[in-house]
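K.L.:
First the structure, then my questions, so here it is.
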Amino acid sequence: MSSQTERLERLITEESGGCCEADIEERLDSLRSYQSETPTNPDADLTALKTLGNDTRYNIVRLLTAADRELCVCEINPIVDVSDSAISHALSDLYDAGLVTRRKDGTWRYYETTDRAEALLTALDETREADR
Numbered sequence: 393m394s395s396q397t398e399r400l401e402r403l404i405t406e407e408s409g410g411c412c413e414a415d416i417e418e419r420l421d422s423l424r425s426y427q428s429e430t431p432t433n434p435d436a437d438l439t440a441l442k443t444l445g446n447d448t449r450y451n452i453v454r455l456l457t458a459a460d461r462e463l464c465v466c467e468i469n470p471i472v473d474v475s476d477s478a479i480s481h482a483l484s485d486l487y488d489a490g491l492v493t494r495r496k497d498g499t500w501r502y503y504e505t506t507d508r509a510e511a512l513l514t515a516l517d518e519t520r521e522a523d524r
């Protein structure tokens, strides 16, 4: 028995009263089958989650979602209490992560949340309420 499967052997033994090599292989095969449910390239998912893990970016996405329309940077700025540079950087990160869209109209730049951002916030809201 390898050191990687010693604990698994103990678990199976405790669960079923005994364990053999075939039991371990069967359990490992079952666990490996779960990997097909995992995206082969999770980079976009991890980037989106990491991007939302910052107060400024999270607050901007919440503001844009609540507005349910495009907002100009000049509308976001007075509400999100950080420097112009921090807002600009946060919006750029959100755009790069696919959580907001942006549109330039003359000297004005407008942002709006994507369906993905809204779905992530909805999932957070629903699971937070379920945990209460």
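Residue numbers (this note's numbering): 393 to 524. Every residue, glycine too, gets a C-beta built ideally from N, C-alpha and C.
(1) Mind checking whether T457 and T506 have CB atoms under 8 Å apart?
(2) Under 8 Å between the Cβ atoms of T448 and L491?
(3) Just list the alpha helix (DSSP H) runs in the segment 398 to 430, keeping only unbroken ones of 4 residues or longer that don't cross its boundaries, in chain order.
(4) Keeping to the same chain, check which residues put their C-beta closer than 6 Å to that of R495; ignore five residues upstream and five downstream.
(5) Could you tell me the alpha carbon to alpha carbon distance between S484 and G445, rounded to whole angstroms?
(6) Starting from the Cα of S394, find the closest Cα among G409, G410, L420 and give me that residue.
(7) Just reading off the alpha helix (DSSP H) that D460 is part of, what are its end residues?
(8) L441: which of S422, L513, D517 sits nearest, CA to CA?
(9) For L486, does the count of other Cβ atoms within 10 angstroms reach 16, so buried, or fall short, so exposed?
(10) Does the Cβ of L463 have 16 or more other Cβ atoms within 10 Å, making it buried, or fewer, making it exposed?
(11) Confirm, please, whether the CB-CB distance from I416 to E401 is below 8 Å.
(12) Note down, one range per segment and in chain order, each alpha helix (DSSP H) of at least 4 residues found wholly within the segment 436 to 506.
(13) When you compare the CB positions of A509 and V453, do they come within less than 8 Å of one another, or not?
P.N.:
Walking through what the data contain:
(1) no
(2) no
(3) 398 to 408, 413 to 425
(4) Y502
(5) 15 Å
(6) L420
(7) Where D460 is concerned, there is no enclosing alpha helix (DSSP H), given that its DSSP letter is neither H nor E.
(8) L513
(9) buried
(10) buried
(11) yes
(12) 447 to 459, 465 to 468, 476 to 488
(13) yes
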